[in-house]
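Here the structure comes first, spelled out in structure tokens, and everything after it is commentary.
2 protein chains.
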Amino acid sequence: MATGRPHRPTTRARGIPEATVARLPLYLRALTALSERSVPTVSSEELATAAGVNSAKLRKDFSYLGSYGTRGVGYDVEYLVYQISRELGLTQDWPVVIVGIGNLGAALANYGGFASRGFRVAALIDADAAMAGRPVAGIAVQHIDELESIIADNGVSIGVIATPAGAAQQVCERLVAAGVTSILNFAPTVLTVPDGVDVRKVDLSIELQILAFHEQRKAGEAAAAPDITDMVTPVAPPVAATRRRADDAPVRPVVDGAARHGAGDAGSGPDGSDGGRSAAMPA
Amino acid sequence: MATGRPHRPTTRARGIPEATVARLPLYLRALTALSERSVPTVSSEELATAAGVNSAKLRKDFSYLGSYGTRGVGYDVEYLVYQISRELGLTQDWPVVIVGIGNLGAALANYGGFASRGFRVAALIDADAAMAGRPVAGIAVQHIDELESIIADNGVSIGVIATPAGAAQQVCERLVAAGVTSILNFAPTVLTVPDGVDVRKVDLSIELQILAFHEQRKAGEAAAAPDITDMVTPVAPPVAATRRRADDAPVRPVVDGAARHGAGDAGSGPDGSDGGRSAAMPA
DNA sequence: ATGCCTTTGTGAACGCGTGCACAAAGATAC
DNA sequence: GTATCTTTGTGCACGCGTTCACAAAGGCAT
Chain A
140 MATGRPHRPT
150 TRARGIPEAT
160 VARLPLYLRA
170 LTALSERSVP
180 TVSSEELATA
190 AGVNSAKLRK
200 DFSYLGSYGT
210 RGVGYDVEYL
220 VYQISRELGL
230 TQDWPVVIVG
240 IGNLGAALAN
250 YGGFASRGFR
260 VAALIDADAA
270 MAGRPVAGIA
280 VQHIDELESI
290 IADNGVSIGV
300 IATPAGAAQQ
310 VCERLVAAGV
320 TSILNFAPTV
330 LTVPDGVDVR
340 KVDLSIELQI
350 LAFHEQRKAG
360 EAAAAPDITD
370 MVTPVAPPVA
380 ATRRRADDAP
390 VRPVVDGAAR
400 HGAGDAGSGP
410 DGSDGGRSAA
420 MPA
Chain B
140 MATGRPHRPT
150 TRARGIPEAT
160 VARLPLYLRA
170 LTALSERSVP
180 TVSSEELATA
190 AGVNSAKLRK
200 DFSYLGSYGT
210 RGVGYDVEYL
220 VYQISRELGL
230 TQDWPVVIVG
240 IGNLGAALAN
250 YGGFASRGFR
260 VAALIDADAA
270 MAGRPVAGIA
280 VQHIDELESI
290 IADNGVSIGV
300 IATPAGAAQQ
310 VCERLVAAGV
320 TSILNFAPTV
330 LTVPDGVDVR
340 KVDLSIELQI
350 LAFHEQRKAG
360 EAAAAPDITD
370 MVTPVAPPVA
380 ATRRRADDAP
390 VRPVVDGAAR
400 HGAGDAGSGP
410 DGSDGGRSAA
420 MPA
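Now the structure itself:
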């Protein structure tokens, strides 16, 4: 689920499960907060609550890092902060480049969460020549022609892609060719990368769609008692339904003669509109 | 992994596994692209490649929705687009509110991917009175005092939180109290919500930290042959290491002897700075 | 019709992640 | 030193998700 790359046995990371790695930043954040309040130690129970996870899970996660706790007492906050930081590689400096300085790219450049954890924005890169030189978040935007030299000069190994979907794959390839081996992709596209390159994807639209699914289910459950199992339609949500798409039904997937599972509702409408739905790419 | 909520048997969704739901938007996107190119049918193999997944997984995913394919032929593109859209609840209109119109909030408001899939930005809300009335992405920002009435008037059930971490929980509670039952959280905090409310979290900082972990591991493997297993330190990455934090070692977590961790952090590494490490919240 | 060829749909095996429950370890009190 | 109490670390079992591999289904040619 992590990387967008197809093939790969996943984990393997010196024994630390991927799921655990994904939670370490969470623990680290909670621990940092405790550290600031000068709390010396925490129990797994307290910390788990703060991080929003199960205490058994937390203990098991920590057990992969080593035995850093003290039975009968708990974990030393400062010590754990250090250990987790080290494990995550946050004790060193990670220069990153952001490619695509649109609304999202600019927001990322201004994002305080980066700098606070060892990530340094080494450069902002955009394909628009008009952007070049313009300062964003105190950093002058550079033209994409300089991409290769920027990466080489700064020893950048992590790249952030915030371009439109259409440009993402191309930018990705240039980043990889220039030496980047980790990519955080905000463009709504599946990136194809060679083995050895990690890709993580953040897709705002997908997150909303997943929420919509659950929302629909909730509405459907609460509203009416469904008759047929096939009748998945949520029975009109409680909210004002405005834009309802081409109301009609599923076209017939049948290749042959008879129209089979037209099941849905009316007989297919010519939803010519559907084809016009823009793939509308982001920022 | 999905919701931020602790307790819950997960799935249950009328048989459709959570993991499958999370992939449906991916399939939908690939299908939409095909639809625009007027491709009539696709095989599971082709579609899987386009979506970046395994074909067997894709077929199993679709099998949860029903038998929408034709053996020997493949899947009817238009029909599948409709079915998945319906399953995800995208055939209806979902008004959303975005709370916190900073850099990120503004970027989200401008994000094209929302409108293209049935999501309509019903309102932009900010706590800063100076923002009120100012247009962002063509929509006038409204003050947070209006939050409850906005949600009620527009029948909003999905809220997006893009506030600083400190305000997130409070905003969350107001949203939920006002009737919102699905939340997309961009603030780096663990949100606590009552049962029945879904939360999805997007944390930019965490994604980067996960990448850093893998990056470090790659560097460590490639660079030197580690002596002791304890020696996890990646042996200086190929990049210019600048900021290396307190180079020294882990404090000792021992509870006994020394009156240790009163530790503003005097004892430990010299990094008095560490304590000052801002929890630095984002946009 | 009959047979061949393609692709779906799914039964079954496997592996990872989660959570329970408890023994081991250490601190603390006496 | 001994007993008690707290909290960690983990063995174990369970369930979800992934993948393989194949039989069933349908199109298409003859």
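Quick mapping for you: the protein sequence lines, in order, are chains A and B. Residue 140 is where the first sequence starts when you use the working numbering, and the numbers rise one by one after that. Residue 140 is where the second sequence starts when you use the working numbering, and the numbers rise one by one after that. The beta-carbon is built from N, C-alpha and C at its ideal position, and this holds for glycine as well.
Review point. DSSP state of PRO327 of chain B, grouped into three classes?
Key: As a working note, residue 327 of chain B is residue 188 in the second sequence. Note: PRO327 of chain B maps to coil in three-state DSSP.
Review point. GLN309 of chain A CB to nearest chain B CB: under 8 Å?
Key: As a working mapping, residue 309 of chain A is identified with position 170 in the first sequence. For GLN309 of chain A, the answer is no, since every Cβ of chain B falls outside 8 Å of its Cβ.
Check your understanding: The alpha helix (DSSP H) with VAL310 of chain B in it runs from where to where?
Key -> Translated into positions along the second sequence, residue 310 of chain B becomes position 171. Run containing VAL310 of chain B: 304-317, per the alpha helix (DSSP H) assignment.
Review point. When the cut-off is 8 Å and only beta carbons count, does PRO327 of chain A lie next to chain B?
Key: Working through the first sequence from its first residue, we reach residue 327 of chain A at position 188. Yes, its Cβ sits closer than 8 Å to a Cβ of chain B.
Review point. In chain order, what residues of the same chain lie with their CB nearer than 8 Å to the CB of LEU165 of chain B, ignoring the 5 residues before and after it?
Key: As a position in the second sequence, residue 165 of chain B is number 26, starting the count at 1. Once the five neighbours on either side are set aside, the close Cβ partners of LEU165 of chain B are ALA190, GLY191, VAL192.
Practice item. Kindly indicate the opening and closing residues of the beta strand (DSSP E) around PRO234 of chain B. Key: Reading the second sequence from its first residue, position 95 is the one you call residue 234 of chain B. For PRO234 of chain B, the enclosing beta strand (DSSP E) begins and ends at 233-238.
Point to revise | Inter-residue spacing [alpha-carbon to alpha-carbon] between PRO156 of chain B and SER177 of chain B | key: Indexing the second sequence from 1 puts residue 156 of chain B at position 17. Indexing the second sequence from 1 puts residue 177 of chain B at position 38. Spanning the two alpha carbons is a distance of roughly 30 Å.
Exercise for review: Measure from the C-beta of THR320 of chain B to each C-beta in chain A and report whether the shortest distance is under 8 Å.
Suggested key: In the second sequence, the residue the question calls residue 320 of chain B occupies position 181. With 8 Å as the cut-off, THR320 of chain B counts as an interface residue toward chain A.
**Study point:** Terminal residues of the alpha helix (DSSP H) in which VAL216 of chain A lies
**Key:** As a first step, residue 216 of chain A must be located in the first sequence, where it is residue number 77. 216-227 is the extent of the alpha helix (DSSP H) around VAL216 of chain A.
Check your understanding: Using 8 Å as the limit for Cβ to Cβ distance, is GLN281 of chain A near chain B?
Key -> Against the first sequence, residue 281 of chain A aligns to sequence position 142. Not an interface residue.
**Study point:** Assigned secondary structure, VAL160 of chain A (DSSP; H/G/I helix, E/B strand, else coil)
**Key:** Here residue 160 of chain A corresponds to residue number 21 of the first sequence, with the count starting at 1. Helix, per DSSP.
Exercise for review: Examine chain B for any beta-carbon lying closer than 8 Å to the beta-carbon of LYS357 of chain A, and answer yes or no.
Suggested key: If you number the first sequence from 1, residue 357 of chain A lands on position 218. Answer yes: the Cβ-Cβ gap between LYS357 of chain A and chain B drops below 8 Å somewhere.
Review point. Does the beta carbon of GLY396 of chain B sit closer than 8 Å to a beta carbon anywhere in chain A?
Key: In the second sequence, counting from the first residue as 1, residue 396 of chain B sits at position 257. Note on GLY396 of chain B: pLDDT 33, under 50, position unreliable in the model; no value is reported.
Exercise for review: Spell out the partners DSSP gives PHE258 of chain A in its beta bridges.
Suggested key: Against the first sequence, residue 258 of chain A aligns to sequence position 119. Per DSSP, A:TRP233.
Check your understanding: Which residues in the same chain have their Cβ closer than 7 Å to the Cβ of THR180 of chain A, if we skip the five residues on either side of it in sequence?
Key -> One-based indexing of the first sequence puts residue 180 of chain A at position 41. Within the same chain, THR180 of chain A has close Cβ partners VAL212, GLY213, TYR214, ASP215, VAL216.
Practice item. Would you verify that the beta carbon of ASP467 of chain A is, or is not, closer than 8 Å to some beta carbon of chain B? Key: In the structure displayed, chain A extends from 140 to 422; residue 467 of chain A sits before or after that span and is not available.
Practice item. Would you mind telling me which residues of chain B sit closer than 7 Å to PHE253 of chain A, beta carbon to beta carbon, in chain order? Key: To locate residue 253 of chain A, count along the first sequence from 1; it is residue 114. Those within 7 Å of PHE253 of chain A in chain B are SER344, LEU347.
**Study point:** Contact the stretch 325-339 of chain B vs the stretch 261-269 of chain B: 3+ CB pairs below 8 Å
**Key:** no
**Study point:** Per-residue DSSP class, three states only, for ASP387 of chain B
**Key:** Translated into positions along the second sequence, residue 387 of chain B becomes position 248. Only weak support exists for where ASP387 of chain B lies, its pLDDT of 38 falling under 50; the value from the coordinates is given anyway. Coil, per DSSP.
Review point. Around the Cβ of LYS199 of chain A, are there at least 16 other Cβ atoms within 10 angstroms (buried) or fewer (exposed)?
Key: Sequence index remark: in the first sequence, residue 199 of chain A carries index 60 (1-based). That one is exposed.
Point to revise | Proximity below 8 Å, CB of ALA262 of chain A to CB of GLN281 of chain A | key: The residue given as residue 262 of chain A occupies position 123 in the first sequence. The residue given as residue 281 of chain A occupies position 142 in the first sequence. For ALA262 of chain A and GLN281 of chain A, yes; Cβs fall inside 8 Å.
Exercise for review: Between the Cα of LEU204 of chain A and those of A:VAL238, A:CYS311, A:VAL160, A:ARG259, spot the shortest distance and give me the residue it belongs to.
Suggested key: By 1-based counting over the first sequence, the position of residue 204 of chain A is 65. Nearest option by C-alpha distance: A:VAL160.
Practice item. For HIS282 of chain B, name the three-state secondary structure that DSSP assigns. Key: Here residue 282 of chain B refers to the residue found at position 143 when the second sequence is read from its first residue. It is a strand residue.
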